[in-house]
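Below: one structure, written as structure tokens.
Numbering (the working numbering), first residue to last: 956 to 1415.
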């Protein structure tokens, strides 16, 4: 056998292997580098949309529901952005509806007068439950059986100052159906509830949503929402309508209770006033006449209804301190002695003391206590003057003196109206507040149909 022996340096023998190894490692490094760079690009492409979505979430959490997320990646992130924008729209709409509902409820519950409550319902209803026309029917079985005083707004896109009023009536079957509905909203079309809508003002809408509300178990009224095209309300819409009806029922029940309480209080005050006035036949009806004139003067001076009501209460109670004065003093035909006059002069303070324990009469007390004070400070019991005397007491002073002078007394006949006008003018700024005297003279001039020439010449 032949043996061939080749001799070569070691470095040359392994040179090719080393070259391959270097190339292999370099290739692996390049692949890893490229993969890393590609991954970095992909990560950055993913992080950018996530940052945009995060920023959109932050804006929405701050209440900016109109902001939009714009991602044009053409992949799942773009679809996610579209879903995000849809969610923002829905949240914004729901937030606005809830805000409108809050304002509606607040507007309804802030009123205590029936007409104002109804106006609040009609002015705010369309914001939470859209409709083409709306009405509120109030059922009052104490007036006419099944009668419903209805307030109607034909165009709910505007807010009229006063809604139209009409009297609609309900048939027995309609009342039965509304009573059985309880908290359910009735969808009415065609000839249904024809009796109720037979006198609907204008053209009857094609369809209605009726939402009855109750006072206890008794039907108190119905919310009427009219539509030109029959609606397809969502459960959320019906829930909002029931909520408005419930708040309206609460406010109307409270208004009714306050009205009854006020009527009871007025009746009590009237009974007290008559009890005081009948202490002497010479003063019968005096407190009621003084009250009426005081309220007239208050209106002439532009006082708000709450202040007019205060004049009503103060007028009826102004002489309550005379409740213990002997008729022999009140009916004495001659001049009173100092002791007798001291008794008369004590009645304002006694009246204030009688009313002092009653919290609701605290604003009435100054009227009762000060109605014999004079503008020049020479009155009683404290000698107050000018604006230190309550305006209501200054008004009552004029009304009290006017009625006393016009009426017969045991010591003199009643004066003529002209003489009383002259007396009040002469004592303007002395006994009486000039502003109140001017208001009284304007009232009398209106009654006589022409202004007093002296008033015209002085510009009052």
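Even glycine gets a Cβ: it sits at the ideal position worked out from N, Cα and C. Keep in mind the model is a prediction, meaning the values are calculated, not measured.
Note on the region 1039 to 1072: there is no whole alpha helix (DSSP H) run with a minimum of 4 residues. Annotation for residue 1134: 1174 place their beta carbon closer than 6 angstroms to its own, counting only its chain and skipping 5 residues before and after.
Note that the C-beta distance between residue 1309 and residue 1347 is not below 8 angstroms. The residues 1310, in chain order, have a CB closer than 6 angstroms to that of residue 1316 in the same chain once the five nearest residues on each side in sequence are set aside. Within the same chain, and ignoring the five residues on either side of residue 1202 in sequence, the residues whose Cβ sits closer than 7 angstroms to its Cβ are 1060, 1063 and 1064. Counted as a single uninterrupted DSSP element, the stretch harbouring residue 1291 is not any alpha helix (DSSP H), since DSSP gives it neither H nor E. By the criterion of a C-beta distance shorter than 6 angstroms, residue 1307 is surrounded in its chain by 1320, 1323 and 1324, once the five residues flanking it on both sides are discounted. The criterion of a C-beta distance shorter than 8 angstroms is not satisfied by residue 1183 and residue 1156.
Sorting 1246, 1301 and 1129 by C-alpha distance to the C-alpha of residue 1334 places 1301 at the top.
Contact between residue 1250 and residue 1229 fails: their C-beta atoms lie close to 18 angstroms from each other, not under 8 angstroms. Distances from the CA of residue 1271 to each of 1259, 1356 and 1231 were compared; the closest alpha carbon is that of 1231. Under a 10 Å Cβ-count criterion, residue 1290 is classified as exposed, with fewer than 16 other Cβ atoms of the shown protein chains found around its own Cβ.
In the three-state reduction of the DSSP assignment, residue 1325 falls in the helix class, which pools H, G and I. In terms of Cα proximity to residue 1146, the closest of 1392, 1075 and 1163 is 1163. Bounds of the beta strand (DSSP E) holding residue 1181 are 1173 to 1182. Residue 1089 sits in a strand when the DSSP states are folded into three classes. According to the DSSP secondary-structure assignment, residue 1367 is paired through a beta bridge with 1364.
In the DSSP assignment, residue 1260 falls within the unbroken alpha helix (DSSP H) covering 1260 to 1272.
One alpha carbon belongs to residue 1296, the other to residue 1343, and they sit about 25 angstroms apart. DSSP links residue 1162 through a beta bridge to 1144 and 1182. The beta carbons of residue 1140 and residue 1213 sit no closer together than 8 angstroms. In the three-state reduction of the DSSP assignment, residue 1316 falls in the helix class, which pools H, G and I. For residue 1330, there is no enclosing alpha helix (DSSP H), as DSSP gives it neither H nor E. The region 1203 to 1222 makes no contact with the region 1254 to 1263: fewer than 3 CB pairs, one atom from each, lie closer than 8 angstroms.
With respect to the 8 angstroms criterion, residue 1072 and residue 1206 are classified as neighbours on the basis of their beta carbons. Excluding the 5 residues flanking it on each side, residue 1011 has same chain C-beta neighbours closer than 7 angstroms at 1022, 1024 and 1039, in chain order. With distances taken between CA atoms, residue 1191 lies nearest to 1053 out of 1053, 1258 and 1170. By the Cβ test, the region 1391 to 1399 is in contact with the region 1347 to 1360, since at least three Cβ pairs between them sit closer than 8 angstroms.
Annotated three-state conformation of residue 1094 is strand, per DSSP. Scanning its chain for C-beta atoms nearer than 8 angstroms, with the 5 sequence neighbours on each side dropped, one finds no residue around residue 994.
Beta-bridge annotation (DSSP): residue 1387 is paired with 1383. Per the coordinates, the alpha-carbon of residue 1385 lies some 16 angstroms from the alpha-carbon of residue 1345. Residue environment: residue 1303 is assigned as buried (16 or more neighbouring CB atoms within 10 Å of its CB, all protein chains considered). Nearest in C-alpha terms to residue 1046, of all of 1034, 1015, 1033 and 1074, is 1015.
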